[in-house]
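Visitor:
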Amino acid sequence: MLIGTAENLPQMQIADTVVEEKPQVEDKIELPHGLVNLGNTCYANAAVQMLYSVPEVCAALEM
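Quick note on my numbering: the sequence shown kicks off at 15 and runs consecutively.
#1: Helix, strand or coil: which one does DSSP assign to residue 52?
#2: What does the alpha-carbon distance come out to for the pair residue 25 and residue 33?
#3: Would DSSP call residue 20 helix, strand or coil?
#4: Which value, in whole angstroms, describes the spacing of the CA atoms of residue 21 and residue 28?
#5: Just the C-alpha distance for residue 64 and residue 37, rounded to the nearest angstrom, thanks.
#6: Which residue comes first and which comes last in the alpha helix (DSSP H) that contains residue 70?
Set out below in structure tokens:
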């Protein structure tokens with residue numbers, strides 16, 4: 015079809031829509047380990063997060 019022709023506009027085919035159910039969300043939210051940022055504590059928070067990633071440090075703190 016060209017612009018300006020006398021033909022009718024083609025109609026778009028609309029398929030039946032299917033609504034899928036959302037999966038159930040767990041109540042527990044996994045938050046990263048660290049401190050609440052209070053000004054310049056971001057540097058201390060980075061150090062805490064780095065130390066938490068070392069298995070030996072975690073094992074020593076779990077006594």
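The beta-carbon is built from N, C-alpha and C at its ideal position, and this holds for glycine as well.
Guide: Judging by the given coordinates:
#1: Residue 52 falls in the coil class under three-state DSSP.
#2: Cα to Cα, the separation comes out at about 24 Å.
#3: Reduced to three states, the DSSP call for residue 20 is coil.
#4: The straight-line gap from Cα to Cα measures roughly 21 Å.
#5: Just so you know, the alpha carbons of residue 64 and residue 37 end up roughly 33 Å apart.
#6: Run containing residue 70: 69-75, per the alpha helix (DSSP H) assignment.
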